[in-house]
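Colleague: Those protein sequences? They're chains A and B, same order as listed. Under this note's numbering, think of the first position of the first sequence as 96, with each following residue one higher. Under this note's numbering, think of the first position of the second sequence as 19, with each following residue one higher. Where a beta carbon is used, it is the ideal one built from N, C-alpha and C, also for glycine.
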Amino acid sequence: MRYLIGVDIGGTFTDCVAIDTRAPGGRAMPRIGKALSTPPDFQTGFIAALQAAAEMHAITLEQMLKQAHVYHGCTVGTNALVENKTARVGLLATRGHADAIFIMRAGARLKWMPSNYIAHVSKQTKPAPLVPKHLCQEIDERVTFDGRVLMELNEDTARDAIHRLVDAGVDAIAISLVWSTANAAHERRLRELVQQIAPGLFISISSEVSARVGEYERTIATIVNSLIGPPMEFYLAALEQDLAAHGYNGNLQIMSCAGGLIDAGHARALPVMTIGSGPVAGLIGAADLSRRTQPGDTANVVTADIGGTTLDIGTIFQSEPVRRQTASHGQFEYFVPTLDVRSVGAGGGSIIHSDGTALKVGPHSAGARPGPICFGRGGKQPTVTDAAAVLGFLDPDYFFGGRLKLDPAPAEQALAELGLALGMDGKQAAAAALRIVNSQMADAIWLTLTQQGYDPRDFILYGFGGAGGLHAAAIARELGMAKAVIPLSDLAAGWSAFGITASDALISEHDAVSMTNPFDPAGINAHWRDLEARVIARLVAQGVTKDAIRIEHHAELRYALQTNQVPVEVEGGDYDPAAVDRMVGAFEKEYERLFGKGSGYAAAGFQLTNLEVRGRASLSDVALEAIGLGDHRRQGSRKGMRMAVWNGGAVATAVHDGPMMAPGDCVAGPAILEFPDTTILVDRDAVAGIHAGGSVVITLNTRQGAA
Amino acid sequence: MATSADDIGPEWSGRTRSYRPRADWKTRIASRVEFHEEAIDGIDPVDFEVIRQKLWTINIAHGDTITRISGSPVLATLDFNMSILTEDAEVVLNAPYVQFLNAGAPLGIRYILENYGDKPGIDEGDIYCCNDPWIAACHQMDVMFAAPVFADGKLFGWVANAGHQYDLGGIVPGGWPQNAEDVYSDPVVLPPFKLIEKGEMRRDLEALYLRQSRLPDMVALDLRAQIAGVTFARDQVLALCARFGAATVKAAMRLMLDQAQENFRRKLLLVPDGVWTETRYIDQPLPHIRHNQRTQLTVTKRGDRLLIENDGTDVQTPGVNGIPFSTWSGSITGIISISMLFEQLFAYGGSERQIDYRPTPGTLTCVDHPAATSGGILHAVTMMNAVQAILSRMLATEPALKQDLVAPTADFALPVLVGVDDRGRYFGQAILDSFACGSGARSFGDGIDASGPSYSPLSMILNIEQLEQWYPILYLYRKDDADSGGAGRWRGGNGLRSAVSPYRARSMSIITNTGGQGCTTISGQGLFGGHPSPAGHYLIMRGTDLHEWLARRKMPTEITDLHALETIRLAGKSNGTELGAGDVFELRVGGGGGYGDPLERQPELVARDRASGAVSSDSAERVYGVVLNADGTVDDEATEARRAALRAGRKAWKPVVREGSNTAPVPATGEPDRLVHEYVAATDRDGERILACALCGQQLAAYDRSYKFGTLVDEGPVTDIPGAQDPALHIDDAMVFRRYCCPGCQTQLATEIARADELMFHEMRLVGTAKAKAPIGKA
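1. Using beta-carbon positions only, say whether Ser-457 (chain B) and Gly-610 (chain B) come within less than 8 Å of one another.
2. Establish whether the CB of Pro-63 (chain B) and some CB of chain A are separated by less than 8 Å.
3. Considering Cα atoms alone, identify which of B:Arg-560, B:Thr-34, B:Pro-210, B:Ile-326 is closest to Leu-597 (chain B).
4. Can you tell me which residues form a DSSP beta bridge with Met-236 (chain B)?
5. Could you have a look at Arg-419 (chain A) and say whether DSSP puts it in helix, strand or coil?
6. By the three-class DSSP mapping on this structure, what secondary structure does Gln-314 (chain B) have?
7. Apart from the five residues on each side of it in sequence, which residues of its chain come closer than 8 Å, Cβ to Cβ, to Arg-773 (chain B)?
8. Looking at chain B, is there any beta carbon in it that lies within less than 8 Å of the beta carbon of Asn-796 (chain A)?
9. Is Gly-800 (chain A) buried or exposed, if buried means 16 or more other CB atoms sit within 10 Å of its CB?
10. Can you find a CB in chain B that lies within less than 8 Å of the CB of Gln-657 (chain A)?
11. Using a Cβ-Cβ cut-off of 7 Å (strictly less than) and excluding sequence neighbours within five positions of Ala-852 (chain B), which residues of its own chain qualify?
12. Leaving out the 5 sequence neighbours to the left and right, which residues in its chain are closer than 7 Å to Gly-264 (chain A) when beta-carbon positions are compared?
13. At 7 Å on the CB atoms, spell out the chain A contacts of Thr-497 (chain B), in chain order.
14. Does the beta-carbon distance from Ile-368 (chain A) to Ser-351 (chain A) come in below 8 Å?
15. Would a check of beta-carbon distances place Arg-552 (chain A) closer than 8 Å to chain B?
16. Just to confirm the assignment: which complete alpha helix (DSSP H) runs, minimum length 4, are found wholly within the segment 288–319 of chain A?
17. What residues in its chain sit with their C-beta under 8 Å from that of Ala-802 (chain A), if we drop five residues either side in the sequence?
18. Where does the unbroken alpha helix (DSSP H) through Arg-629 (chain A) begin, and where does it stop?
19. Whose Cβ in chain A lies nearer than 8 Å to the Cβ of Pro-475 (chain B)?
20. Quick one: is Ile-449 (chain B) near chain A, going by C-beta distance under 8 Å?
21. Who are the Cβ neighbours of Asp-25 (chain B) in its own chain at under 7 Å, not counting the five residues just before and after it?
22. Select from B:Ile-58, B:Thr-765, B:Gly-380, B:Ala-428 the residue whose C-alpha is nearest the C-alpha of Asn-339 (chain B).
23. Write down every uninterrupted run of the alpha helix (DSSP H) in the segment 396–478 of chain B whose length is 4 residues or greater and which is fully enclosed by it, in chain order.
24. Does DSSP put Gly-735 (chain A) in a helix, in a strand, or in coil?
25. Have a look at B:Ala-656, B:Val-641, B:Phe-779 and flag the residue whose alpha-carbon is nearest the alpha-carbon of Asn-647 (chain B).
26. What did DSSP end up calling Leu-586 (chain A) once you bin it into helix, strand or coil?
27. First and last residue of the beta strand (DSSP E) that includes Met-526 (chain B)?
28. Quick one: what does DSSP say His-157 (chain B) is sitting in, helix, strand or coil?
29. Name, please, each residue of chain B whose Cβ falls closer than 9 Å to the Cβ of Ile-198 (chain A).
30. Give the single residue among B:Phe-727, B:Ala-113, B:Glu-696 whose Cα lies nearest to the Cα of Pro-417 (chain B).
31. For Thr-331 (chain B), I'd like the list of residues in its chain whose CB is within less than 6 Å of its CB, leaving aside the five on either flank, ordered along the chain.
32. Under a Cβ-count criterion, where at least 16 other Cβ atoms within 10 Å of its own Cβ denotes burial, should Val-177 (chain A) be classed as buried or exposed?
33. Is it buried or exposed, Gln-334 (chain B), if we count other Cβ atoms within 10 angstroms and call 16 or more buried?
34. If you measure between the beta carbons of Gly-309 (chain A) and Leu-476 (chain B), is that distance less than 8 Å?
35. With a CB to CB cut of under 6 Å and the five nearest residues on each side skipped, what residues in its chain are close to Leu-714 (chain A)?
36. Following the continuous beta strand (DSSP E) through Thr-398 (chain A), name the residue where it begins and the one where it ends.
Quick look at the structure:
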């Protein structure tokens, strides 16, 4: 296949990266196509973005699609949740336990909320339940932690319960029973009953959506899956039809939050896996880059995806993205295998305000509408983008490659008004705001790394997204890092779409277990073989040949009297007592790395809580190190000088035309590198170079950063 | 800590009486302790914002470091707190965990400064440890670690944490002995000692510390975690100093304190001067003593200062109903922090400059050594509820503050299960479902069902699957508890009912610990005519037919669905009741108090609550006066008639007997009318400033007297509250439920729970002239 196409649908734009793998000169040639997102019929914007990319390659959409793989990261599920346009879901839960979804584990629901929300107790609330109480039906049955059936499923009352939900007009059902992770028979039987009573209804069962111990987070995952199941089905059917109409006859592959591609059929059954896949794709792209060409010379990377409203933080340790077991929809936390991407309310649209004694930035955002003042679309409150424009960092005539004209004057006026009480003029207030937001972003990254058990100074920063280039160097400096990288220069602006094309097919299957040491190798082997078979079957169904599959085994353990569960990669094959010992050894080593020497209490014994098999296979053989970026000439990239305010002082600053820079080129700060969609700041004590792979690497002189 | 207006004497030394720093405490610091006091003038506002944010982040990461390293299930439920302090131990930052838990840090650190500055000295790299309730701990199980931070060789500040331990000895495993007559039955008491000397752990002292525990290895892990926490925070504060300059960081810290103080002052100035009181009882000083004891909290607000007293609190007796000064004062600052200083994000330190404490020592809320203190920690919640009721009434006098008030939440019911599972493993663990109590109602809306406690916003409950995996129990249900929130125009959030039965257990017994009157009489107080929430309970049904239910494939949804040979309600304090196969235990976790007259609640909201099961039909009809049609909608006509009848019934309530005092009338002030209560306004009438019903204008009392003097009162049994049980089951003191209404319009203005022999509680007495006087405190 000649074209590798990644499409990422965001709230405002649909980005398409189409890579021509057989471009002249032997280098893969990426082209970006952008189109406005078109909710609720997202497929229209999807096709428009493809069209734009095809035009950039100077071919027709049909020509391109005839010889293409199409990979897709979609926000249809997220969008349906946020806009409350989901299916009407009924819940079947074990009698006595349906209220878990209303109780929400009490204060645990606030764990990921911003600190000002947590502190203002009288303004706290609980969100409307995902399933209203009258659509929750309790089922007489009970399984215990050891997998025994304490009470058989009462099919008579279960049928009545299902009928009540069907009569109430539900169009999807979520089934989540206590301890279905230990024995899923009742959940499966209930699904059969639903299928008999209401054939065609969308059904999710918790043991298949996310088999982890913890009924609250598992039930929420199952409900979310059912909420977005029908809209996802509708969307994918429409999209496949549109693609076929334009000549695409391949498999549509969908990006999952687990960090790989799954086929469209799998995504229909487990749409919860698509939530958050956009930022995850960005992290995958970054990990891939760090593995292959290693700009910045290290495989330890923090990613900062900076958009209009949020900063998405990801961590890559030795080229492997850090994972976690839960994600959140507002206050609802649910189990899903995902890369650990944390969102903070800070971005280009963050509003600058004052409490009279200090300047503050965010967490509110002007978003795309009305947007920053300098966009001239009715924005009245100054934002971070306004500050950057006022300081001279953005070229008013070359923003988004000149597609949007900026007017910094009213922004400076607004900032001056804000600064008045604090004795600052407009430019000083702008500089203060940038410093504050950079510091906030750095603090959020610092806290993330600390919570994950890492030291920021062992990492470098990749900055991407629309505003990545503006902040990357400042954040990296604040964190005491040596380097900041803008991956693949201008592609940074469409990085998630690009990351999708860099993704492998990835299937993860896991079993929650509850084993106490000494562990029985036979029991473990039974799980491994079953998990491997499930993974391989799914990948084969996805169109991968068996030989191409790479299998990994992961085990999650904890010390019996301690709560930290630590996942470790372990060997495959047939386990004997020695292999079991090696598994425990791997866990102890990783525990010590994460939590410090002597922090585990081995005398209490070990618990094995989860076994997971992951299978991966490349879907293409494009190597990113061979990507061509621009039509650079050797006669220099400098296109002029502009006054810009650095650290309080206005300095005549060299502006470089990014696409004209070639690998090996170096620019000393202060300088501004301009690409059509990305502006990169290189401050005074820094040097920017173009890496052989096409990324911009900013080397910071190491001034000590702190917390 | 405030420098008290009237200085305290040397007997507040931490020996018999709690330690409190005296006005001249700093003069007793050894000369070799050098304070780093330089702070730059006029810190750049951007530097300030950046440093403030970084200090907050460091403090949160301090907590994360503790939970990560410890891995303890106790610390994982966030039963700890941490703080950053100045060189002289003012709290710059605290965290959103259990609010009172580390409130003793400023006390403990000042004690160390006063007593140990010379020998063993305070040096770079030192870490002190302490669990003495008369010095720094809120009870022995919450051990404090405090590390000095040195900049340029001088003492720049402190970082501290306090966290709950598995076991530190004493006569009952886990450290909450309910039968402790005095401190010698409690877990061990350790006054401050220097565990780490210039970076080196004193191995002899570590051994001495661990030797006290039944679970020394586990305590050793938490010890390391807490030490790692303060070490980490100290190093980060130092890095901040290295980067910005210590004098700049100090300037930021001082400004944070000043801003908290100023914010608090400004809010206080909005509230009229007055005296607010709250009386709360604590049941059973020891198991089997069928009496309760009385506590009273009085808050006097004058200008921009608060004076806090505990007059009217019973003298301490043998038993576990007492709390030390650190816990009492920590309860107060904790609630101030969440209701008046949320803008400061738990940076409450500066507010203490506006507070004077004047406790009577030797009483239950300021016990002297050697009272038992470990088993009484749950009464801190009782105290916080008293503070919350008082602060809510104060905030309600000012429209700008009224939206920040929250009625009290439930008292804490804590069952501990101990025994051996069928694999021969010992277990002993508190069931912390009370962390899913309901929150109190607000001035603009209902409380939140199963919200968790207001005083510890992030406290959480574990999944039942986690609990069943760890302990040999089976949860039959965990569900919303109808009527457990207090009724009101805005109702309190509901609590829970959880039922468990042993599963694969060889033996099991239940120990109970309860705050206040949480399992006999009341959970949280109501405000402005809102009802209190009913008490929780520990109910055991022995020898049930559960097995037959399972065989029939039916799961009971109420414990009372079961047939049992015997039904037992455990008292709030009990020391081990066997639970065998087929026995079922139900924990009832309370809800929050209500707000405003229930008859003022929108009938549609009652219909909604009926549909969801949050409110019973008894409550809907008898308390809310709402009649529903068969389809669940409101029968408007019948509702109106029912409410009219209920109001008419209130006309028969008795006038409150007027005191024979002839206090001079308060002259009219010419000021506009002002609401000083949801339904009571201060107004000028006939040359006098009076309190009158804001709805009908009925005169209630002179401005400086309790408005209740002009009301009608009804006194009934506590069981008049829907869902309430009879307190007589466990206590012999007669308890009554009183309701007060306006004689003019019969709006219910107040409710209270009292011993039958108590006179009416005054609740609020405004002072003299309505105009706030010029501030008397230092600015």
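Modeller: The structure says:
1. Counting from one through the second sequence, the residue named residue 457 (chain B) turns up at place 439. Counting from one through the second sequence, the residue named residue 610 (chain B) turns up at place 592. Yes, Cβ-Cβ distance for Ser-457 (chain B) and Gly-610 (chain B) is below 8 Å.
2. For the purposes of this step, residue 63 (chain B) is taken as the residue at position 45 of the second sequence. Judged by the 8 Å Cβ criterion, Pro-63 (chain B) is in contact with chain A.
3. In the second sequence, residue 597 (chain B) corresponds to position 579, counting from 1. Closest option to Leu-597 (chain B), Cα to Cα, is B:Arg-560.
4. Position 218 of the second sequence, counting from 1, holds the residue named residue 236 (chain B). In the DSSP output, where bridge partners are listed per residue, Met-236 (chain B) has none listed.
5. Counted from its first residue, the first sequence places residue 419 (chain A) at position 324. Looking at Arg-419 (chain A) - three-state DSSP - the assignment turns out to be strand.
6. Start at 1 with the first residue of the second sequence, and residue 314 (chain B) comes out as number 296. The answer is strand: DSSP assigns Gln-314 (chain B) an E or B state.
7. Within the second sequence, numbered from 1, the residue matching residue 773 (chain B) stands at position 755. Correct list, in chain order: Tyr-299, Asn-310, Arg-312, Asp-751, Ala-752, Met-753, Val-754.
8. To locate residue 796 (chain A), count along the first sequence from 1; it is residue 701. Chain B contact via Cβ: absent.
9. As a working note, residue 800 (chain A) is residue 705 in the first sequence. The pLDDT assigned to Gly-800 (chain A) is 39, lower than 50, so where the model puts this residue is not dependable; a value taken from the coordinates is nonetheless given after this. It counts as buried.
10. The sequence position of residue 657 (chain A) within the first sequence is 562, counting from 1. Yes, its Cβ sits closer than 8 Å to a Cβ of chain B.
11. Residue 852 (chain B) cannot be examined here, being either before or after the span of chain B that is shown, 19 to 797.
12. As a working note, residue 264 (chain A) is residue 169 in the first sequence. Correct list, in chain order: Arg-183.
13. What you label residue 497 (chain B) is simply residue 479 of the second sequence in a count that begins at 1. Note on identity: in this sequence residue 497 (chain B) is Lys, with Thr being the wrong assignment. Neighbours of Lys-497 (chain B) on chain A, chain order: Gly-191, Asp-194.
14. Start at 1 with the first residue of the first sequence, and residue 368 (chain A) comes out as number 273. Start at 1 with the first residue of the first sequence, and residue 351 (chain A) comes out as number 256. The sequence as given places Met at residue 368 (chain A); Ile does not occur at that position. Yes; because the gap between Cβ atoms is below 8 Å, this pair is in contact.
15. Position 457 of the first sequence, counted from the start, is the residue given in the question as residue 552 (chain A). Not an interface residue.
16. 301–304
17. Residue mapping note: residue 802 (chain A) aligns to position 707 of the first sequence, counting from 1. With a pLDDT of 33 at Ala-802 (chain A), under the threshold of 50, the predicted position of this residue should be treated as unreliable, and no value is reported.
18. As a first step, residue 629 (chain A) must be located in the first sequence, where it is residue number 534. Counting along the chain, the alpha helix (DSSP H) containing Arg-629 (chain A) begins and ends at 616–636.
19. Within the second sequence, numbered from 1, the residue matching residue 475 (chain B) stands at position 457. The answer, in chain order, is Gly-202, Leu-205, Ile-213, Ala-214, Val-216, Gln-219.
20. Position 431 of the second sequence, counted from the first residue, corresponds to residue 449 (chain B). No, because no Cβ of chain A sits closer than 8 Å to the Cβ of Ile-449 (chain B).
21. Translated into the one-based positions of the second sequence, residue 25 (chain B) becomes position 7. Result list for Asp-25 (chain B): Arg-40, Ala-41, in chain order.
22. For this step, residue 339 (chain B) is matched to residue 321 along the second sequence. Among B:Ile-58, B:Thr-765, B:Gly-380, B:Ala-428, the Cα nearest to that of Asn-339 (chain B) is on B:Gly-380.
23. 397–413, 417–420
24. For the purposes of this step, residue 735 (chain A) is identified with residue 640 of the first sequence, where counting begins at 1. Strand.
25. Reading the second sequence from its first residue, position 629 is the one you call residue 647 (chain B). Closest by alpha carbon: B:Ala-656.
26. Indexing the first sequence from 1 puts residue 586 (chain A) at position 491. Here Leu-586 (chain A) sits in helix by DSSP.
27. On the second sequence, residue 526 (chain B) is found 508 positions in, with the first residue counted as 1. That run of the beta strand (DSSP E) goes 523–532.
28. Position 139 of the second sequence, counting from 1, holds the residue named residue 157 (chain B). Note: His-157 (chain B) maps to coil in three-state DSSP.
29. Taking the first residue of the first sequence as position 1, residue 198 (chain A) is located at position 103. Under the 9 Å cutoff, chain B gives Ala-454, Asp-467, Ala-468, Ile-479, Arg-496, Lys-497, Asp-498, Leu-514.
30. Counted from its first residue, the second sequence places residue 417 (chain B) at position 399. It is B:Glu-696 whose Cα lies nearest to the Cα of Pro-417 (chain B).
31. Taking the second sequence and counting its residues from 1, one reaches residue 331 (chain B) at position 313. So the list reads Thr-313, Gln-314, Thr-381, Leu-382, Thr-383, once near-sequence residues are dropped.
32. To locate residue 177 (chain A), count along the first sequence from 1; it is residue 82. Under this definition Val-177 (chain A) is an exposed residue.
33. The residue you call residue 334 (chain B) lines up with position 316 of the second sequence. Gln-334 (chain B) is buried by the Cβ-count criterion.
34. In the first sequence, the residue the question calls residue 309 (chain A) occupies position 214. In the second sequence, the residue the question calls residue 476 (chain B) occupies position 458. Cβ distance not < 8 Å, so Gly-309 (chain A) and Leu-476 (chain B) don't count as in contact.
35. Stepping through the first sequence from its first residue, residue 714 (chain A) is reached at position 619. Ala-600, listed in sequence order.
36. By one-based count along the first sequence, residue 398 (chain A) stands at place 303. First-last of the beta strand (DSSP E) with Thr-398 (chain A): 396–401.
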